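Here's the structure we're looking at; comments come further down.
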Amino acid sequence: MRQIKPLFLLLMMFPLLSFSQVEMKWNKEVPTKILWQEVTSLGNLIVSSREELIGIDTETGEISWGKRAFGNLERAAFEELPNSPFFSVTTDHSLDLIDQFSGNEVFNSKNAGLQKVASYHLLYNSDAILVSGTDYNEEPLMVSVKMSDASLSWSMNEKFGRIVTANELDNQELLIVTLFNNYKLNTDTGDVIWKKTNSREAEQIDKMGKFGALLKQAAEHVSQDMDIQLHYYQPEGSDVFYLGSQQERQGGMTTSSGTTSINYTNHYNAYNINDGSLVWNEELEVNGALSQVSFLDNGMLVLPDDGNRTKINLFDYKTREGLWGKKGRGIAIKGGVYDYLESGDGILLVSRTANKDFLNYLDPVAGAITFEKPVKVDGTVVGIVPLANAILYITTESMNILDHHTGTLKWNKSIQTSPRLTAEHQDKIYAFDYSSGLLKVVDKSNGQVSDFSQVALRFEGKESPSNLEILEDGIFIHSDQNVAKFNFDGSLVYQEYYAAPKEAGWKRALLYASSVRAAYIGAASYYVSGAMAAAENDVRQKDEAAGELVSQIGNAYGDLGNAASSYAGAAFRKANARLKATKQGRDFMFIMSKQEKDIVLLKVSKTTGKVAGEINLGKDREPLYAVDDITGQVYYQTGDAALTSYMAR
């Protein structure tokens, strides 16, 4: 018996040893009390302390850089700049842009002579930051600062007014669009190559002398905090660029809720890029809100959003005359257009009314809608996948296949799903169907859909599945607190539930981190916009700030990848490395849960659905922790000035 007792005790203790603390990577003290910490979308750890803002080396925990000027910084003063390696710090005295990798200051408004900053634009190809505002004499001032060393390249006291957009052109040239004028500058020197009014109305105001100047000033003041809808277009290889703007006016009708209806018009002007001159004698005005524009061989296709009154049209490049419909007035379409896809011999149009979304198919050669009647869809279309002889579309609520030759849907009953609950694998698309609780599988070659699983999946804790992922050995489905996996034969391998802590604030950092991961995965999706839109929408419902970040991440790769700036290059390489990491997949996920009276961050195996490790956050009701859900690294404040990093592998 004496020999058996130790084994007996070991067996009794085994359940307690079934999982252990996640591996600690490092434990470091910073000089003073920690106020907050944040993992950026590029994976850098930024820590605010009483005496300085600190960049932490995520591998060693050592301080990489420190900015004592930003000691005791509140979280609201820090903002990561989307599609860039920079973050901004806003204080009562200045606006600073900081490189998150090195801590180097790339712009300081006070040093640049700006008392107030109105706008700034990052010009990666020119290694420049263009900033406009007013100087300490309250005179207008625009400056260009080098990203590489924060030195001032040039400044200008031209009364630009509000800058709506700045676009880098070839040969170190910069196109600036303001409310009243367009400018073409030499990016290196700031020399004005040409300056032109951007509309006939602006030209008339200029002729009014001092009174016109007062009108401009009033318009600038009124529009200061307005979200101006203005789009810049330049077709590839063309020496003409276009500006599209939106104007609104109150309608004559009152809605059932007592509010006055608003009508929109969108206005287009064409300009010669070489001298800024107007190409058309008059601007092109189209009813409806500013939406989509496509440049075809024989004209500019304008697809406005005018609700039930929408008309689409093709306009001649030289004369701006309408080419479609009776007397060139366009073709009526059901609902306002909010998306389109050029596919084969036509263009799929996605439109909506107040409560329904529709699909139509446009023959751009004949200038005609080919469907007898529009196809109704459930939800907002967020992703479109061209198939061999059809188009698979996915909305915020459903998925189906459209035969664009006949205007009919492939399946009588759509799959009730969302982009994040679908995935492509070996020429098949797997989707979780909310209505039945079953996994469906779509054969991309013939469009056939069939049940993949046989048992309905229902999650506990009033949760619905939110993500689907293809693993080497099956299909993994999860929500915040539930996990499940199916074999490739459709059988259920496991289903587990881990109860959430009652305090909602506990989950914010984990939500933020998982949102960043979802955005990277979405950027690699076969329907990028769909995955990104779904991720953004899901996150915004829980955290507005996290949703805003997710909405911006997907554009980083294209924007930074084509840029010449060394800063952009470093950020692009880091972003691409993180993108590749999400493509490689991972065999665990983080789940925030509770264990007796403690809060724990669980490492849950995707292979077994069981806990493979934990980070015990104790009984602290306001824990200070941050998660990098791409590398699997967790940063937890274990003392006033102490940080511990855990690495889940």
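First residue of the sequence shown: 5, per the working numbering; consecutive thereafter.
The beta carbon of each residue, even a glycine, is placed where N, CA and C say it ideally should be.
Keep in mind it's a predicted model, so treat the numbers as computed, not measured.
_Once the 5 residues before and after Tyr531 are set aside, which same chain residues still bring their CB inside 8 Å of it?_
The count along the sequence shown starts at 1 and reaches residue 531 at position 527. The predicted model places Tyr531 with a pLDDT of 46, which falls under 50 and marks its position as unreliable; any figure quoted below should be read in that light. Same-chain partners within the cutoff: Val386, Gly387, Ile388, Val389, Ile398, Pro423.
*Can you check the region 406-483 for any beta strand (DSSP E) of at least 3 residues that lies completely inside it and give the ranges in chain order?*
426-429, 432-436, 443-447, 453-455, 471-475, 478-482
*Measuring alpha carbon to alpha carbon, tell me which of Glu172, Leu621, Glu63 ends up nearest Leu49.*
Start at 1 with the first residue of the sequence shown, and residue 49 comes out as number 45. Answer by Cα proximity: Glu63.
_Residue span of the beta strand (DSSP E) that contains Glu42, given as start and end_ = Here residue 42 refers to the residue found at position 38 when the sequence shown is read from its first residue. First-last of the beta strand (DSSP E) with Glu42: 38-43.
*Take Lys29 and list the residues in its own chain whose beta-carbon comes closer than 6 Å to its own, dropping the five residues that flank it on each side.*
The sequence position of residue 29 within the sequence shown is 25, counting from 1. Excluding positions up to five away in sequence, the list reads Ser649, Met651.
_Chain-order list of residues whose beta-carbon lies under 7 Å from that of Leu156 (same chain, five-residue window excluded)_ = Within the sequence shown, the letter at position 152 stands for residue 156. The residues are Ala116, Val147, Val149.
*Considering only residues of the same chain and omitting the five flanking positions on each side of Glu56, which have a CB-CB separation below 7 Å?*
Numbered from its first residue, the sequence shown carries residue 56 at position 52. Closer than 7 Å at Cβ, skipping near neighbours: Gly70, Lys71, Arg72, Phe74, Gly75.
*Which one or two residues does DSSP pair with Trp158 in a beta bridge?*
Mapped onto the sequence shown, residue 158 falls at position 154. In DSSP, Trp158 forms a bridge with Ser148.
*Whole-angstrom Cβ separation of Leu118 and His125, contact assumed at under 8 Å?*
Start at 1 with the first residue of the sequence shown, and residue 118 comes out as number 114. Start at 1 with the first residue of the sequence shown, and residue 125 comes out as number 121. At roughly 14 Å, the Cβ-Cβ gap does not stay under 8 Å, so Leu118 and His125 are not in contact.
*Give the single residue among Glu142, Asp431, Gln176, Arg166 whose Cα lies nearest to the Cα of Tyr128.*
As a position in the sequence shown, residue 128 is number 124, starting the count at 1. Nearest of Glu142, Asp431, Gln176, Arg166 to Tyr128, Cα basis: Gln176.
*Can you tell which of Gly303, Ser242, Val631 has the C-alpha that lies nearest to the C-alpha of Asn276?*
Numbered from 1 along the sequence shown, position 272 holds the residue referred to as residue 276. It is Ser242.
_Residue burial classification, Asp484 (beta-carbon count within 10 angstroms, cutoff 16)_ = The residue given as residue 484 occupies position 480 in the sequence shown. So Asp484 ends up on the buried side.
_Is the beta carbon of Leu425 closer than 8 Å to that of Ser469?_
Within the sequence shown, residue 469 is the residue found at index 465, counting from 1. Within the sequence shown, residue 425 is the residue found at index 421, counting from 1. Looking at the sequence shown, residue 469 is not Ser but Pro. Yes, these two residues count as a Cβ contact at 8 Å.
_For Val520, the three-state DSSP class (helix, strand or coil)_ = The sequence position of residue 520 within the sequence shown is 516, counting from 1. Residue state, collapsed to three classes: helix.
*Could you tell me the distance, in whole angstroms, from the CA atom of Trp284 to the CA atom of Asn202?*
Against the sequence shown, residue 284 aligns to sequence position 280. Against the sequence shown, residue 202 aligns to sequence position 198. Roughly 12 Å separates the two Cα atoms.
*Please name the residue in Ser281, Ile474, Gly165, Leu363 whose C-alpha comes closest to that of Val121.*
In the sequence shown, the residue the question calls residue 121 occupies position 117. The shortest Cα separation from Val121 among Ser281, Ile474, Gly165, Leu363 belongs to Gly165.
*asked:* On a Cα-Cα basis, can you pick out the residue from Phe90, Lys114, Ser106 that is closest to Asp96?
replied: By 1-based counting over the sequence shown, the position of residue 96 is 92. Residue Lys114 is the option with its Cα nearest to Asp96.
*Secondary structure at Leu515, three-state DSSP: helix, strand or coil?*
Position 511 of the sequence shown, counted from the start, is the residue given in the question as residue 515. Looking at Leu515 - three-state DSSP - the assignment turns out to be helix.
*For the 8 Å Cβ check, are there 3 or more pairs between the region 614-630 and the region 81-101?*
no
*Whole-angstrom C-beta distance between Val297 and Leu305, which should lie under 8 Å*: In the sequence shown, counting from the first residue as 1, residue 305 sits at position 301. In the sequence shown, counting from the first residue as 1, residue 297 sits at position 293. Going by Cβ atoms, the distance from Leu305 to Val297 rounds to 7 Å, so yes, they are a contact pair.
*Please say whether Tyr342 and Ser355 have beta carbons closer to each other than 8 Å?*
Here residue 355 refers to the residue found at position 351 of the sequence shown. Here residue 342 refers to the residue found at position 338 of the sequence shown. Yes, Cβ-Cβ distance for Ser355 and Tyr342 is below 8 Å.
*Note down, in chain order, each residue of its chain lying with its Cβ closer than 7 Å to the Cβ of Asn566, except the 5 sequence neighbours on either side.*
Taking the first residue of the sequence shown as 1, we reach residue 566 at position 562. With a pLDDT of 49 at Asn566, under the threshold of 50, the predicted position of this residue should be treated as unreliable, though the coordinate-derived value follows. Result list for Asn566: empty, nothing under 7 Å.
*Identify whether Phe74 lies in helix, strand or coil by the three-state DSSP scheme.*
As a position in the sequence shown, residue 74 is number 70, starting the count at 1. Phe74 falls in the helix class under three-state DSSP.
*As assigned by DSSP and simplified to three states, the class of Lys188*: Mapped onto the sequence shown, residue 188 falls at position 184. Lys188: strand per DSSP, three-state reduction.
_Between the alpha carbons of Val638 and Ile58, how many angstroms are there, rounded?_
Counting from one through the sequence shown, the residue named residue 638 turns up at place 634. Counting from one through the sequence shown, the residue named residue 58 turns up at place 54. Approximately 17 Å, taken between the alpha carbons.
*Where the beta strand (DSSP E) containing Trp30 begins and where it ends*: For the purposes of this step, residue 30 is identified with residue 26 of the sequence shown, where counting begins at 1. Here the beta strand (DSSP E) through Trp30 covers 28-33.
*DSSP puts Val608 in a beta bridge; with which residues?*
To locate residue 608, count along the sequence shown from 1; it is residue 604. Met593, Val615, per the DSSP bridge assignment.
*CA-to-CA distance, Gln238 to Tyr246, given in whole angstroms*: Counting from 1 along the sequence shown, the entry for residue 246 is found at position 242. Counting from 1 along the sequence shown, the entry for residue 238 is found at position 234. If I take the Cα positions, the gap works out to 6 Å.
*Answer with buried or exposed for Asp301, where buried requires no fewer than 16 other C-beta atoms within 10 angstroms of its C-beta.*
Along the sequence shown, one-based indexing puts residue 301 at 297. Answer is exposed; the Cβ neighbour count stays below 16.
*Buried or exposed: where does Asp644 fall if 16 or more other Cβ atoms within 10 Å of its Cβ makes it buried?*
In the sequence shown, the residue the question calls residue 644 occupies position 640. By the neighbour-count rule (16 or more Cβ atoms within 10 Å), Asp644 is not buried but exposed.
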